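J.: I am attaching a structure below and will ask some questions about it afterwards.
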Amino acid sequence: VRSHADTLDQLNTAVAIFDTDEKLRFFNQAFQKLWGLDSGFLHSAPDNALLLDRLRSEGKIAEQPEWRRWKESLLGAYRAVESQEHWWHLPDGKTIRVVANPQPKGGVTWVFENLTEKMDLESRYQTAVRVQGETLDNLAEGVAVFGPDGRLRLSNPAFAALWGLDADAAKPNVHVSTIRDLCDRRAADSPWRGFVAAITGFDDERRDRHGQTELNNGTVLRYAMIPLPNGQVMMTFVDVTDSVNVERALKDKNEALEKSDQLKNEFVQHVSYELRSPLTNIIGFTELLSLPSTGPLSQKQREYVEHVSSSSSVLLTIVNDILDLATVDAGIMELDISEVYVDRTIAA
């Protein structure tokens, strides 16, 4: 008996044993600590009803609307055959699970289990799970987690919506091969073959995978495959159709501008070449007309010839400059850029 009492005294669960006369015959340290009662009172072998009244008067148990009836119902354990379980929510915020175990020879063993921390942890865990679920469900990003057996653990509505899957196809425990069969129909270059190999394969070196795929309906998805603990794999999908379309539009516009610029340069170069040949002929004929061997010219004629020669030379210089610029734009000629002192150039 002494050994049994020592064992109970080492428990963190509060235990109190009452005899057939409902007198307290044993209590452990956890019981005294839980209720904060003085040793003198407890060692005086109070009866069960007095103990309950003491706890009530000290505000250690919740006040009941009909105290007497509640107490009598509780003490009915002395006349019961099977164990009875109660839940007490104390004024200080504790949650106590109370178990009354009737003894074969009479009396009751009361067990008081403080479940406050457990209830708090469960509450916080449930809250975290609920928040996580709400967060996943409201993400625009599609998320799916597969287990090492290849079966879907969880997914959010965005995952099914992006791949055009119905609710049954994206419910938990559906195998990845089934999802692959459905998704392969929606993309000409489907990446799901690689997904299946990574999820169900036995490769020890598990790496992140990133890529992009385009569906038959024009939607562009950017995906990431991230290994998780316990052999699980998380996959995320983001709709980047708008940004890809903008990128393509900018690229097409840039190519069009480059082509337009090339056509402009070719046109300018062609026109310049076509102008230079007639100008050279004009300059040559004016020089020929200016020679004495050609014949005498009147003063007015000579002025006209000189004017034509001067204007043609200026125009030829401009055409040659245009050709030089076109050559630079084509990459045939490179500019030798250096500092130029304008004042010295003007003075020279």
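For the sequence shown, the working numbering begins at 28 and goes up steadily by one. A virtual CB, placed ideally from N, CA and C, is assigned to each residue, including glycine. Quick caveat: nothing in here was measured; it's all calculated off a predicted structure.
1. From the DSSP output, in three-state form, read off residue 305 for me.
2. Determine, using beta carbons only, whether residue 174 and residue 183 come nearer to each other than 8 Å.
3. Sorted by chain position, which residues of the same chain lie with C-beta nearer than 8 Å to residue 172's C-beta, five sequence neighbours on each side aside?
4. Buried or exposed for residue 55, going by 16 or more other Cβ atoms inside 10 Å?
5. Per DSSP, what are the beta-bridge partners of residue 182 in this structure?
6. Pull up the CB-CB distance for residue 108 and residue 92, whole angstroms please, since I reckon it's below 8 Å.
7. Under 8 Å by Cβ, that's how I've got residue 266 and residue 248 pegged, so tell me the actual separation to the nearest angstrom.
8. With a cut-off of 8 Å, does the C-beta of residue 233 fall near any C-beta of chain E?
9. Would you mind sorting residue 307 into buried or exposed? The rule is 16 or more other CB atoms within 10 Å of its CB.
10. Among 113, 67 and 333, which one has its Cα closest to the Cα of residue 139?
11. In this structure, does DSSP put residue 361 in helix, strand or coil?
12. Mind the definition here: the segment 226-242 touches the segment 200-217 only if three or more C-beta pairs lie below 8 Å; say whether that holds.
13. Whole angstroms are fine: how far does the CA of residue 299 sit from the CA of residue 318?
14. Out of curiosity, what's the CA-to-CA distance linking residue 314 and residue 363?
15. Suppose you measure from the CA of residue 37 to the CA of residue 57; what does that come to, to the nearest Å?
16. Leaving aside the five residues before and after residue 271 along the sequence, list all residues of the same chain whose C-beta is less than 7 Å from its C-beta, in chain order.
17. Candidates 209, 111 and 49: which alpha carbon is nearest residue 189's?
18. Just checking my contact of residue 72 with residue 102 at CB under 8 Å: how many whole Å lie between their CB atoms?
19. Using the DSSP secondary-structure output, state which residues sit across from residue 121 in a beta bridge.
20. If you count every other CB in all the chains shown that lies within 10 Å of the CB of residue 360, and 16 or more means buried, which is it?
21. DSSP three-state call for residue 198: helix, strand or coil?
22. Confirm, please, whether the CB-CB distance from residue 74 to residue 50 is below 8 Å.
23. Within the same chain, show all residues whose beta-carbon is closer than 8 Å to that of residue 122, passing over the 5 residues directly before and after it, in chain order.
24. Quick check on the DSSP output: what are the complete alpha helix (DSSP H) runs of length 4 or more inside the segment 213-272, in order along the chain?
25. By the 10 Å Cβ neighbour count, where 16 or more other Cβ atoms means buried, how is residue 66 classified, buried or exposed?
26. Hey, how far is the Cα of residue 191 from the Cα of residue 212?
27. With which residues is residue 111 paired in a DSSP beta bridge?
28. How about residue 222 and residue 233: are their beta carbons less than 8 Å apart?
29. Just grab the DSSP bridge partners of residue 343 for me.
30. Using CA atoms only, rank isn't needed, just tell me which of 292, 287, 371 and 45 is closest to residue 104.
31. Assign residue 132 to one of three DSSP states: helix, strand, or coil.
32. Here's a check: name, in chain order, each residue in its chain whose Cβ is nearer than 6 Å to the Cβ of residue 264, leaving out the five neighbours to either side.
33. For residue 42, name the three-state secondary structure that DSSP assigns.
34. Just mark residue 373 as buried or exposed, buried being the case when its beta carbon has 16 or more other beta carbons within 10 Å.
35. Which residue comes first and which comes last in the alpha helix (DSSP H) that contains residue 77?
36. Tell me which residue opens and which closes the alpha helix (DSSP H) that residue 207 is part of.
T.: The answer reads as follows:
1. helix
2. Contact annotation: residue 174 and residue 183 have beta-carbon atoms that are not nearer than 8 Å.
3. Hits under 8 Å: 179, 180, 181, 182, 255, 259, 260, 261 and 262.
4. buried
5. Beta bridge pairing from DSSP links residue 182 with 171.
6. That pair is no contact at about 28 Å.
7. In this structure residue 266 touches residue 248 by the C-beta definition: roughly 6 Å separates them, less than 8 Å.
8. In the structure shown, chain E cannot be found, because there is only a single protein chain.
9. exposed
10. 113
11. coil
12. yes
13. 29 Å
14. 35 Å
15. Taking the straight line joining both Cα atoms gives about 8 Å.
16. Cβ neighbours of residue 271 beyond the five flanking positions: 247.
17. Considering only alpha carbons, the answer is 209.
18. Between residue 102 and residue 72 the Cβ distance is about 16 Å, and since that is not below 8 Å, they are no contact.
19. According to DSSP, residue 121 bridges with nothing at all.
20. exposed
21. coil
22. Yes. Within cutoff.
23. 114, 115, 116, 141, 142, 143 and 146
24. 219-227
25. It is exposed - the Cβ of residue 66 has fewer than 16 other Cβ atoms within 10 Å.
26. 10 Å
27. 127
28. no
29. In the DSSP output, where bridge partners are listed per residue, residue 343 has none listed.
30. 45
31. Note: residue 132 maps to coil in three-state DSSP.
32. 169, 189, 248 and 250
33. strand
34. exposed
35. 75-84
36. 203-211
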